[in-house]
Amino acid sequence: MKSIRPLLRLLLAVYSLASLSAGTQKPVFSQNPRPEWQWGVTLDGFSDKPVPSRAYLWVPPGCKRLRGVVVGQQNLEEEQIFENPIFRRALTDLNFALVWVTPAYDLFFRFDRGSGEKFDTMLKRLADESGYAELPLVPVVPIGHSAAASSPWNFGAWAPGRTLAAISVSGQWAYYKDENTPDWGDRKVDGVPGLVTMGEYESAYKRAETGVWERSQHPMLPLTMLAEPAGEHFAGTDLKISFIGLYLRKAAQYRLPADWPIRERPKLKEIDPTKTGWLTDRARPDGKPSAPAAPVGKYTGDEKNAFWVFDEELAKAVEKVAAMYAGKKYQLIGYVQNGAVVPKRKSHVRVGLKLDIASDDLTFKLGGAFLDTADADYGGFGMKTGDPAPHAADTSSFNIVRTIGAVEKRGPDTFALRFSRNTLNDPDGSTVMGFILSHPGDDTYRPMALESDCRVWCRNREGKPQEITGFNPPASNRAGTRTLDLSAKSTADLPVFYYVREGPAVIENDRTLRFTEIPPRAKFPVKVTVVAWQWGRMVEPKVQSAQPVERTFSIIK
360 MKSIRPLLRL LLAVYSLASL SAGTQKPVFS QNPRPEWQWG VTLDGFSDKP VPSRAYLWVP
420 PGCKRLRGVV VGQQNLEEEQ IFENPIFRRA LTDLNFALVW VTPAYDLFFR FDRGSGEKFD
480 TMLKRLADES GYAELPLVPV VPIGHSAAAS SPWNFGAWAP GRTLAAISVS GQWAYYKDEN
540 TPDWGDRKVD GVPGLVTMGE YESAYKRAET GVWERSQHPM LPLTMLAEPA GEHFAGTDLK
600 ISFIGLYLRK AAQYRLPADW PIRERPKLKE IDPTKTGWLT DRARPDGKPS APAAPVGKYT
660 GDEKNAFWVF DEELAKAVEK VAAMYAGKKY QLIGYVQNGA VVPKRKSHVR VGLKLDIASD
720 DLTFKLGGAF LDTADADYGG FGMKTGDPAP HAADTSSFNI VRTIGAVEKR GPDTFALRFS
780 RNTLNDPDGS TVMGFILSHP GDDTYRPMAL ESDCRVWCRN REGKPQEITG FNPPASNRAG
840 TRTLDLSAKS TADLPVFYYV REGPAVIEND RTLRFTEIPP RAKFPVKVTV VAWQWGRMVE
900 PKVQSAQPVE RTFSIIK
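Under this note's numbering, the first residue of the sequence shown carries the number 360, and numbering increases by one thereafter.
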């Protein structure tokens, strides 16, 4: 396994120690092109939902042998994390695969209702499809966000010997129980390392109090928390994703054996958090720890108020992140659509946008602005409705990025309706676009982020019917082919768009299929499935959506 230090350098390049200490580093919300998922299988019968789940597998392009797999079912942030290039670089260095299930068949991992057996079936099918036969045997890192945040712990309780680490994003504590928790019986996750991430704007500091209490009740639980200043419930920042990648490297360093037979499950190294690792004070609003991080047994603070981490490097990263933006003031922001600030609503997602598409390229505009007075839906920042809301002077640094859904960013304020592998599953239903608006703050004001969504029907039923014709890619292509032009036509003479459902390829410039590197042990032929779609026109002369056309072809040696 490669050294831990390259990703620490990456983490600190994005959020350098010097700038963190000075409180000048800005949060980064990257907008990245949708990457490939080389294989996919339909999980028929896994749930009774009208749209069956699909499991997608990504293997690092140069990977000759897998040493682990990260697995998550889609709720909200899983997709942002899994498709971020920072995360994929970390997995590439570790030779870890990635499995993403969408739509989810079980957000809670109810192993008392057969989810464990379904999990094994899924990995076996992906192994058969890909050629990476060791996939069902390698250690697992389960990850889940928000409503799915308990699933990693439930997985760890079901198979502690297979769980390298559990990652709970916008998370939940290991022994929390509710109506969705399977009956653990006498199962425990003591000895299973776990990371819980929580943003400041989702009560991170209050939740930290519960977390350290739980750790004190379960001293054998190696529990780490990242409390992200200015962090938001729906936002996968580069900082958080870099930290998760660093945490995975540490888990691999301290738990994976140097080698093991490829046809066997490895025995993971045990972790005793009462004897090894470091302790860090729980995060606090002022960013000041009550005691400096120190090795277990040498910590001078109250251990009942401390979390555990693998080592000094991770401890220092936790402390530097905790000190970001300390002492800075809050500022309020809002979305701008059609020249006006969109009012917030009493909802988990606080802003609802309206789809306003007038062009055949299906683009629309969104912007951001400061609020000069506090509105009715902003609590917790020391401002009452109608109070003045001072803010940074810079109005040019607003940034809006896609979080989920059938949308792509095409410019600073320009977005386009673009369906993808998990947004056109139900042609008779609807899908949700998700966005994050952010402002980086300045020397006086903290960064702020605000979520929004916009629901769009998968099928536009108003206007003249149309069909897609002429979509006939070659039945096979030789490995090494770089690109393939796609030339389907619409009978309404509207532009046809495409997405790759699975296969080592991506869409570029709306019309070109670019093939990506095929992992060295891939089983040939490798399938590529491309879907052509045309949503129609909302303005006169109105045109209905065309029936999507799916084509599967092979890559051969």
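Ideal Cβ placement from N, Cα and C applies to all residues, glycine included.
These figures come from a predicted structure and were not determined experimentally.
Can you say whether residue i is buried or exposed, counting buried as having 16 or more other CB atoms within 10 angstroms of its CB?
i	result
Gln893	buried
His707	exposed
Val898	exposed
Arg841	exposed
Gly570	buried
Gln384	Confidence in Gln384 is poor, its pLDDT being 47 and thus under 50, which makes the residue's placement too unreliable to answer from.
Ala765	buried
Lys609	buried
Lys599	buried
Ser904	buried
Lys921	The structure shown does not extend to residue 921, since the chain spans only 360 to 916, so no value can be given for it.
Gly741	exposed
Ser649	exposed
Asn697	exposed
Gly503	buried
Glu909	exposed
Ser380	Unreliable placement is indicated for Ser380, whose pLDDT of 34 sits below 50; no coordinate value is reported for it.
Gln576	exposed
Lys477	buried
Phe883	exposed
Pro907	buried
Lys679	buried
Pro771	exposed
Arg641	buried
Asn513	buried
Ala864	buried
Would you call the CB atoms of residue i and residue j closer than 7 Å?
i	j	result
Phe300	Asp869	Nothing in the structure corresponds to residue 300, since the chain is present only between 360 and 916.
Leu416	Leu485	yes
Leu435	Ser505	yes
Pro495	Leu523	no
Ile795	Ser601	no
Tyr613	Leu638	no
Thr762	Gly745	no
Gly558	Gly590	yes
Leu776	Leu721	yes
Thr583	Leu554	yes
Gln825	Val890	no
Glu442	Pro394	yes
Leu429	Phe467	Residue 429 is actually Val in this sequence, not Leu. Contact: no.
Lys687	Arg873	no
Val548	Ala533	yes
Trp517	Gly550	no
Asp479	Pro541	no
Phe669	Gly636	yes
Tyr564	Pro644	yes
Pull the bridge partners of residue i from the DSSP assignment, please.
i	result
Asp844	Thr871
Asn723	The amino acid occupying residue 723 in the given sequence is Phe; Asn does not appear at that position. Partner(s): Phe774.
Gly711	Asp812
Asn836	Ile914
Tyr613	Paired residue(s): none; Tyr613 is not in a bridge.
Phe856	Trp892
Phe794	Arg761 and Ser811
Thr401	Arg413
Met557	Ala586
Thr639	Phe666
Ala431	Here residue 431 is Gly; the residue named in the question, Ala, does not match the sequence. Answer by DSSP bridge pairing, in chain order: Trp459.
Val902	Lys823 and Arg896
Ile502	Ile526
Just confirm the distance between the C-beta atoms of residue i and residue j, as a whole number of angstroms; I'd bet it's less than 8 Å.
i	j	result
Trp398	Glu861	6 Å
Pro511	Ile630	Contact doesn't hold; Cβ gap of about 16 Å is too wide.
Lys848	Pro900	No, Lys848 and Pro900 are not in contact; Cβ-Cβ is about 18 Å, not under 8 Å.
Ala681	Gly646	5 Å
Ala611	Gly427	7 Å
Val887	Thr911	7 Å
Stretch-stretch touch, CB-based, cutoff 8 Å, three pairs: the stretch 783-801 with the stretch 744-756: yes
Three CB pairs or more closer than 8 Å across the stretch 803-819 and the stretch 709-724: yes
Three-pair Cβ contact test at 8 Å for the stretch 453-465 versus the stretch 411-430: yes
The stretch 871-890 in contact with the stretch 421-434 per 3-pair CB rule at 8 Å: yes
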